[in-house]
Amino acid sequence: MQAVMETYKRLGISPTGGRGSWLFDDEGNRYLDFIGGIATNSLGHGHPALVGAIKDQADRLIHCSNLYEIPIQAEAAAQLTQATDFDRVFFCNSGTESVEAAIKLARKHAHDHHGPEKHEVLTFSKSFHGRTYGALSATAQPSLKAAFGPMLPGMVHAPYGDLEAAEKLSGPQTAAILVEPIQGEGGVNVAPEGFLQGLRDLCDRLDAVLIFDEVQTGAGRTGHLYAYQGVGLVPDVLTSAKGLGGGFPVGAVLAKEEFAALGPGNHGSTFGGNPLAMAAIKAVLGVVNDEDFLAEVRFKGRILKNALETLADRVPGAEVRGEGLLIGFDFGDPDLARSVFEHCLEEGVLVNLVGGTTIRMAPPLTVTRTEVRAMLDTFRGGVRAAMSAAVPEAAV
Ligand code: PMP
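Residues 0 to 395, numbered by numbering that gives the first Met the number 0, are exactly what the sequence shown covers, in order.
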């Protein structure tokens, strides 16, 4: 028995090194990494800009305290606000913490402007917002919550994509609507046309805070720095983590000035925004926040998605979803999905299963076109093998 508490089903792989889109173990195996630390290794493994920035900052100052002005924190915040439509940033250390902070911020805003009755948070089926109590309560996946009740009160869930239900379930009591523009853990589900704009209008009508959870879709993942920038509307508040630190644990809440309700004495973090984490964010943004880089992410995403769509045409019930380098291949069948997933693993291509029937691909944003094609070859082989095993005469 090992000492680590097993919170994840491990894949039986023991990486000890990595370069670019590849992970290595001590036995000489190499793996093409289309998990990307779960949409987190935005610059791949061992990127010199990220490694150099962290080493350099570690030499200078690792941690002081938010009791001080931290120049590098102000620089990272300015980089984020200049690249987006937001004015203020709160730094923390993970996705779930950013969601906690966003919920608190929205409730405080509602409390200050309307009083304590306005405290409900509307979220959506199959959402994933994190594992701490506020974020878990917001997460509308019953199986993740079943043994942990009672949850935080005031969380209301509507079916994802159903604007009419969202309208019915909200009202003057609604402090915030929290939504992933593309649901990652829920199965790479893209918000249907008009849904996000409908939520924007609804929040305007209710004077509720529109929060986009961009923990997974942010930091260039969809080919925009943030997914909202490809949608054509601006939320009031946005959460970011994962890829923003390129693997360094970071989180951030971005807010318009009028919604920046957190302040001294009502929220904080010991580590959040510390110099080492800020060096990581600055290095990641230095690479990712570049129109040519983002255009290349979109291009590689297109190669991946087009090829998968061609493949899906030959798999009954299959569907490809996603944007940029966050793509899901939904087999509509858990056995088929598992079989292709296992084939990829055996062939040294790392992908993961989400939502039961979907294989998610979230490689480093620096993945090469050649690596995308190599991954596709393995994936096609997996589909061919799984389909001929399921229906011997089927040829893909
Ligand atoms: N929100 C979303 C949309 C996520 O995908 C995740 C992580 N999968 C989280 C929040 C929680 O992030 P973390 O694991 O860093 O707490």
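Ideal placement from N, C-alpha and C gives every residue a C-beta, glycine not left out.
Looking only at DSSP bridge pairs, what is residue i linked to?
i, result
"Met-360", "Ile-326"
"His-44", "Gly-19"
"Arg-320", "Gly-327"
"Arg-29", "Phe-23"
"Gln-182", "Asn-188"
"Leu-353", "Before going further, note that residue 353 is Val rather than Leu in the sequence given. Thr-357."
"Thr-173", "Glu-119"
"Leu-168", "Answer is none; Leu-168 lacks a bridge partner."
"Pro-14", "Asp-24"
"Gly-245", "Phe-247"
Do residue j and residue i count as a contact pair if the criterion is CB distance below 8 Å?
i, j, result
"Ala-207", "Phe-247", "no"
"Leu-325", "Ile-181", "yes"
"Asn-273", "His-62", "yes"
"Ala-251", "Val-236", "no"
"Lys-125", "Asn-188", "yes"
"Glu-213", "Phe-127", "no"
"Leu-293", "His-342", "no"
"Ala-139", "His-113", "no"
"Leu-104", "Phe-258", "yes"
"Val-88", "Gly-129", "no"
"Gly-327", "Gly-186", "yes"
"Val-382", "Val-339", "yes"
"Ala-174", "Ala-260", "no"
"Glu-119", "Gly-153", "yes"
"Ser-169", "Leu-195", "no"
So what does DSSP say about residue i, is it helix, strand or coil?
i, result
"Cys-91", "strand"
"Gly-250", "strand"
"Asp-235", "coil"
"Ala-282", "helix"
"Ser-124", "strand"
"Asp-4", "Looking at the sequence itself, residue 4 is Met, so the reference to Asp does not match. Three-state DSSP puts Met-4 in coil, outside helix and strand."
"His-118", "coil"
"Asn-188", "strand"
"Phe-258", "helix"
"Gly-153", "coil"
"Val-287", "helix"
"Gly-381", "helix"
"Val-366", "coil"
"Val-456", "No statement about residue 456 is possible, as the shown extent of the chain runs from 0 to 395 and does not include it."
"Ala-139", "strand"
"Phe-194", "helix"
"Leu-310", "helix"
"Leu-224", "coil"
"Leu-66", "coil"
"Val-348", "strand"
For residue i, tell me which candidate among the options has the shortest Cα-Cα distance.
i, options, result
"Tyr-67", "Lys-304, Gly-271, Ala-57", "Gly-271"
"Ile-34", "Gly-242, Arg-320, Val-382", "Gly-242"
"Thr-367", "Glu-5, Thr-6, Ser-41", "Ser-41"
"Pro-363", "Thr-356, Leu-349, Gly-354", "Leu-349"
"Met-150", "Arg-199, Lys-167, Asp-376, Thr-131", "Thr-131"
"Ala-82", "Arg-320, Leu-310, Tyr-227, Gly-327", "Tyr-227"
"Gly-355", "Ala-361, Leu-344, Arg-337", "Arg-337"
"Lys-281", "Tyr-30, Gly-244, Leu-375, Arg-301", "Gly-244"
"Arg-320", "Lys-304, Val-314, Arg-313, Thr-39", "Lys-304"
"Leu-205", "Lys-167, Leu-135, Ala-384", "Lys-167"
"Leu-121", "Ser-136, Lys-107, Asp-111", "Ser-136"
"Leu-198", "Val-233, Cys-91, Ile-12", "Val-233"
"Leu-79", "Ile-302, Asp-203, Ser-239", "Ser-239"
"Ile-53", "Gly-380, Asn-351, Leu-310, Leu-275", "Leu-275"
Cβ of residue i within 7 Å of any heavy atom in ligand 2?
i, result
"Ser-124", "Among the ligands present in this structure, namely ligand 1, ligand 2 is not found."
Practice task
Determine contact between the segment 218-238 and the segment 272-287, defined as no fewer than three beta-carbon pairs at a distance below 8 Å.
Solution key: Three or more Cβ pairs drawn from the segment 218-238 and the segment 272-287 lie within less than 8 Å of each other, which places the two stretches in contact.
Practice task
Please confirm if the segment 64-78 is in contact with the segment 295-311, defined as three or more CB-CB distances below 8 Å between the two stretches.
Solution key: no
Exercise for the section: Evaluate contact between the segment 36-55 and the segment 14-23, counting only Cβ atoms and requiring at least three cross-stretch pairs below 8 Å. Expected result: yes
Exercise for the section: Please determine if the segment 326-342 and the segment 157-175 are in contact, where contact requires at least 3 C-beta pairs separated by less than 8 Å. Expected result: no
Practice task
Kindly confirm or deny that the segment 169-179 and the segment 140-151 touch, where touching means at least three C-beta pairs closer than 8 Å.
Solution key: Contact annotation: the segment 169-179 does not touch the segment 140-151, with fewer than three C-beta pairs closer than 8 Å.
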